[in-house]
Every structure is written in structure tokens, then in C-alpha cells.
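S.K.:
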Amino acid sequence: SNVRKDILNAFRNAKGEYISGEKLAKEIGCSRTAVWKHIEELKKEGFQVKAVRKKGYLLVEHSNKLSANEIYLGLETEEIGRTVHFYESVSSTQKLAKEFALNGAKHGTLVVSDEQTEGRGRLVRQWYSPKGTGLWMSIIVRPEIPIQKTPQLTLLTAVAVIQAIEATTGLHPTIKWPNDILINGRKVCGILTEMQAEENRVQSVIIGIGVNVNQNKADFPEELQTIATSLKIEADKTVSRTKLLQNICYQLEQLLNEYLHTGFKPIKQLWESYANSIGKQITARTAKGSYTGFAIGINDEGVLLLKQASGEVMEIYSADIDLP
Ligand code: BTX
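843 is the number that my numbering gives to position 178 of the sequence shown; each next residue is one higher, with no gaps.
Given below as C-alpha cells:
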């Protein structure tokens, strides 16, 4: 509710000090009883609010629970994440976001769930999305760009997620082409972008982001234990999913604005600076065979450019990459 948002804003402005019920009531324009009722509701959502006679209310600490209100408190964006659909459990946020998009959801709408029972990767792969420990989110964006440029948004998202992880945890992830985000060689995040278009016009792009945040090693199914990791495993401490989510929204909005104003070039440079394969000798295993060469970069479509010993530059559209 808007009143609860106003209360959270008042707590934010109070910066860790008590606020009297009277002051809250005045600021928000409701009765003290109403304030009390809303605070009870916030507590049910997982907020810890202390009430002390004569002093008032204090927001003790943010819970480790995800909720729409938690996300709202501290969100620094204008559009991305301003409308939130939060769920305890869904099949796939990607699937839901697509339905919202078809029904006219506005640019920046965020769908996030504490758990996905049918999380999806690219092609027909699955994305393991257990309850309470990860960030499973899809963002609807409606940029005015031609269809053929939408792959650039996948690369842009990878940069945004890396910058958000750096800002939230101090860790330094790398990108494995095309769109895996790794820490110490293990996958911490996957990105999936899907487009809806009509007559060569982009209607919406759904950006799906899955980040392993607070899993322990033993929480992963056996087949993922050697290839996956979480921020908690790497940083050796619990990481706030809310802060990370807010940071991702913020970085995404900044980069998207830059992209729409100045084009893909600055994004591409950032992407290449994070990519672990660029400037290295690699082997690309494609459906047609394996090719070894020097990865010189990507082109504007996100296609990997591989310079072979003959000097010929090959365009790699789809492959698994082996680093030496
Ligand atoms: P991908 O096809 O690059 O990666 C999928 C592969 O990654 C799987 O085959 C498996 O080997 C491995 N994998 C599965 N789950 C995990 C995990 N939790 N951590 C690390 N590795 C894993 C990447 O696809 C795109 C994933 C996007 C996920 C988001 S979550 C929110 C949104 N909703 C949804 O259904 N998908 C997206």
C-alpha cells in the first residue's frame, strides 16, 4: 500500500533514529491507530520494527526476506523496478513477465519470485531456482530499437549485473561468452532475454536474470556442484538479495539510458573488459567442429570474433568456449 511505502520512506529519512507515532501520523496524514496497524502489517512482511513508549518506532534492521516493500525501500531508479510483482513461488518469472507484457505492463516492470518451480535457461535447459536463497527476476523493457539490435541488451545486462555484484559484494565476476557470469570459473548468474515483436518493431524485451546468492555448496544438486557457485560461497558472507536487486535495477537503468543516448560502443567496451576470453587463445566448440584461435572481441550483434592462425577472422554464433 502507499501508506506503508510512506512509512518506509519516513523510516529511511529518520536514518536509524526513533520516530514518534504522532510525527509519523502527521507526515503521512492518517491517525496514530492507522500508523500502528500498518506497522503491524510491515512486521508480518518480515520488517523488524521496535516500538518504545514515549520514543516511538524504530526500524531495526532489514529482514533477509524479499518483498515488494523491501525492494521499494532504497530503490534509486526512476523506472526499472518501480512496478513490482512479487511472489513467494511461481513456475517461471519469465513466463509471467511475458503475460504481463502482452497485457500492456509498462517499461521497467519487475517480476520477482522467492522460488521458481520451472525456472528456464536458454534452449530447453532448466534453471535451478530454490526457495529463499537466490534472485529470480524478469524485467520488462520497451526500448525503441530495431529487432536486430536486441542481442545487445543481453550483453548490456551482463555488464549491469557484474557492476551490481561488484558494488554489493566487492567480488569481481567475469563474463564467459556469450552470457554466463562466473566467479572463480563457476557460474553465479545466468541471463536470458526474450523478445516480443510486431512488424519489425520491438514490443517488449523480457530480461531474465538468475543469481545464486546465499546457497551453500551442499545446497546445489550434485550435477551443479562443480560448475555453479553463489555469492555467499565466494564472499564468505550472507549477501542481501534486496540490495543486490536494487543495485541491478540501478545499473541497468544507467546503462540503458547511456545505450539509448550514445549507442552500443561504450557498453561493448565494458563488456569486453569483463570477458574472460577476449584477448586470449581459446577453443570454440561448435556444432560444426572445434576452432582454435585468438578471441579478438565481439561485433555489434554479440557475435564472437575468432582470429585463426591463417589470419582469417571467423564469426562464432554459438559455441562452448574452452580457455587453455
Ligand atoms: P543457460 O542455458 O546458459 O544455462 C543453463 C545451464 O546452467 C543448465 O543446463 C545447468 O547446467 C546450469 N544451471 C542450472 N541452474 C543453475 C544455477 N542455479 N546456477 C548455475 N548453473 C545452473 C542461463 O541459461 C539463463 C538462466 C536464466 C534464469 C532466469 S531466473 C529468472 C528468469 N526466469 C526463468 O525461468 N529464467 C530466468
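All C-beta atoms, glycine included, are put in the ideal place defined by N, C-alpha and C.
Are the beta-carbon atoms belonging to I805 and A770 less than 7 Å from one another?
M.R.: Counting from one through the sequence shown, the residue named residue 805 turns up at place 140. Counting from one through the sequence shown, the residue named residue 770 turns up at place 105. Yes. Within cutoff.
S.K.: Please state whether DSSP places F765 in a helix, a strand or coil.
M.R.: Locating residue 765 in the sequence shown gives position 100, counting from the first residue. Reduced to three states, the DSSP call for F765 is helix.
S.K.: For W801, list the residues DSSP reports as bridge partners.
M.R.: On the sequence shown, position 136 is the one that residue 801 refers to. According to DSSP, W801 bridges with S778, G875.
S.K.: DSSP three-state label for Q973, please.
M.R.: As a first step, residue 973 must be located in the sequence shown, where it is residue number 308. Reduced to three states, the DSSP call for Q973 is coil.
S.K.: Do the stretch 730-750 and the stretch 908-923 meet, that is, are 3 or more Cβ pairs less than 8 Å apart?
M.R.: Because the criterion of three Cβ pairs below 8 Å is met, the stretch 730-750 and the stretch 908-923 touch.
S.K.: Do the CB positions of G967 and L788 come within less than 7 Å of each other?
M.R.: Stepping through the sequence shown from its first residue, residue 967 is reached at position 302. Stepping through the sequence shown from its first residue, residue 788 is reached at position 123. No; because the gap between Cβ atoms is not below 7 Å, this pair is not in contact.
S.K.: Would you say the beta carbon of Y752 comes nearer than 6 Å to a heavy atom of the ligand BTX?
M.R.: Against the sequence shown, residue 752 aligns to sequence position 87. Every heavy atom of the ligand BTX is 6 Å or more from the Cβ of Y752, so no.
S.K.: Can A823 and I840 be called in contact, C-beta distance under 7 Å?
M.R.: As a first step, residue 823 is located in the sequence shown; it is residue number 158 there, counting from the start. As a first step, residue 840 is located in the sequence shown; it is residue number 175 there, counting from the start. Cβ distance < 7 Å, so A823 and I840 count as in contact.
S.K.: Enumerate in chain order the residues of its own chain whose CB-to-CB distance from Q861 is below 8 Å, with the five nearest sequence positions on each side excluded.
M.R.: For this step, residue 861 is matched to residue 196 along the sequence shown. Taken in chain order, the residues that qualify are K763, A766, L767, V867, Q868, S869, V870, I871.
S.K.: I'd like to confirm something about T858: is its beta-carbon nearer than 6 Å to some heavy atom of the ligand BTX, or not?
M.R.: Mapped onto the sequence shown, residue 858 falls at position 193. False, no ligand heavy atom lies under 6 Å from that Cβ.
S.K.: With respect to 6 Å, is the separation between the Cβ of N877 and the closest non-hydrogen atom of the ligand BTX below this value?
M.R.: One-based indexing of the sequence shown puts residue 877 at position 212. Yes - the ligand BTX has a heavy atom lying nearer than 6 Å to the Cβ of N877.
S.K.: Assuming T951 contacts A984 (C-beta within less than 8 Å), just tell me the rounded distance between them.
M.R.: Residue mapping note: residue 951 aligns to position 286 of the sequence shown, counting from 1. Residue mapping note: residue 984 aligns to position 319 of the sequence shown, counting from 1. That pair is a contact at about 4 Å.
S.K.: When the Cα atoms are used, what is the spatial distance from I672 to M979?
M.R.: Residue 672 sits at position 7 when you count from the first residue of the sequence shown. Residue 979 sits at position 314 when you count from the first residue of the sequence shown. Using only the alpha carbons, I get a separation of about 58 Å.
S.K.: Around the C-beta of P843, are 16 or more other C-beta atoms found within 10 angstroms, so that it is buried, or is it exposed?
M.R.: Within the sequence shown, numbered from 1, the residue matching residue 843 stands at position 178. By the 10 Å Cβ count, P843 comes out buried.
S.K.: When DSSP labels each residue in this structure, what does F885 get in the three-state scheme?
M.R.: Numbered from its first residue, the sequence shown carries residue 885 at position 220. Note: F885 maps to coil in three-state DSSP.
S.K.: Return yes when at least one heavy atom of the ligand BTX lies under 6 Å from the C-beta of G784, else no.
M.R.: The count along the sequence shown starts at 1 and reaches residue 784 at position 119. Result yes, Cβ under 6 Å from the ligand BTX.
S.K.: Does the distance from the CB of G873 to the CB of Q759 come in under 7 Å?
M.R.: Mapped onto the sequence shown, residue 873 falls at position 208. Mapped onto the sequence shown, residue 759 falls at position 94. Contact: yes.
S.K.: How far does the beta strand (DSSP E) with R851 in it reach, from first residue to last?
M.R.: In the sequence shown, residue 851 corresponds to position 186, counting from 1. Run containing R851: 851-863, per the beta strand (DSSP E) assignment.
S.K.: Between G773, I684, K691, which lies nearest to R718 when the distance is taken from Cα to Cα?
M.R.: The count along the sequence shown starts at 1 and reaches residue 718 at position 53. Cα-wise, what sits closest to R718 is I684.
S.K.: Please name the residue, chosen from F676, A883, F712, that lies closest to T798 on a Cα-to-Cα basis.
M.R.: The residue labelled residue 798 in the question sits at position 133 within the sequence shown. The option with the nearest alpha carbon to T798 is A883.
S.K.: By alpha-carbon positions, which one of G686, E923, F712 ends up nearest to W701?
M.R.: Walking along the sequence shown from the start, residue 701 turns up at place 36. Nearest option by C-alpha distance: G686.
S.K.: List the endpoints of the continuous beta strand (DSSP E) containing V714.
M.R.: By one-based count along the sequence shown, residue 714 stands at place 49. 714-717 is the extent of the beta strand (DSSP E) around V714.
S.K.: My assumption, with CB atoms under 8 Å, is that L836 sits in contact with L896. Please give the rounded CB distance.
M.R.: Here residue 836 is taken as the residue at index 171 of the sequence shown, counted from 1. Here residue 896 is taken as the residue at index 231 of the sequence shown, counted from 1. 7 Å between Cβ atoms; contact.
S.K.: Using DSSP bridges, identify the partner residues of K841.
M.R.: Taking the sequence shown and counting its residues from 1, the one referred to as residue 841 is at position 176. Looking at the DSSP assignment, K841 forms a beta bridge with D845.
S.K.: If you compare alpha carbons, which of E977, R677, V876 is closest to L740?
M.R.: Numbered from 1 along the sequence shown, position 75 holds the residue referred to as residue 740. It is R677.
S.K.: Report the partner residues of H811 according to the DSSP bridge assignment.
M.R.: Here residue 811 refers to the residue found at position 146 of the sequence shown. One point to set straight first is that residue 811 is Pro, not His, in the sequence displayed. Paired residues: R866.
S.K.: At the level of alpha carbons, what is the spacing between F712 and V725?
M.R.: Translated into positions along the sequence shown, residue 712 becomes position 47. Translated into positions along the sequence shown, residue 725 becomes position 60. Computed Cα separation, rounded: 8 Å.
S.K.: Using the Cα positions of G944 and G962, report the straight-line distance between them to the nearest angstrom.
M.R.: Taking the sequence shown and counting its residues from 1, one reaches residue 944 at position 279. Taking the sequence shown and counting its residues from 1, one reaches residue 962 at position 297. Looking at the two C-alpha atoms, the distance is approximately 7 Å.
S.K.: Can you list, in chain order, the residues of its chain whose CB lies under 6 Å from that of V749, leaving out five sequence neighbours each side?
M.R.: As a position in the sequence shown, residue 749 is number 84, starting the count at 1. Hits under 6 Å: A733, I736, L775.
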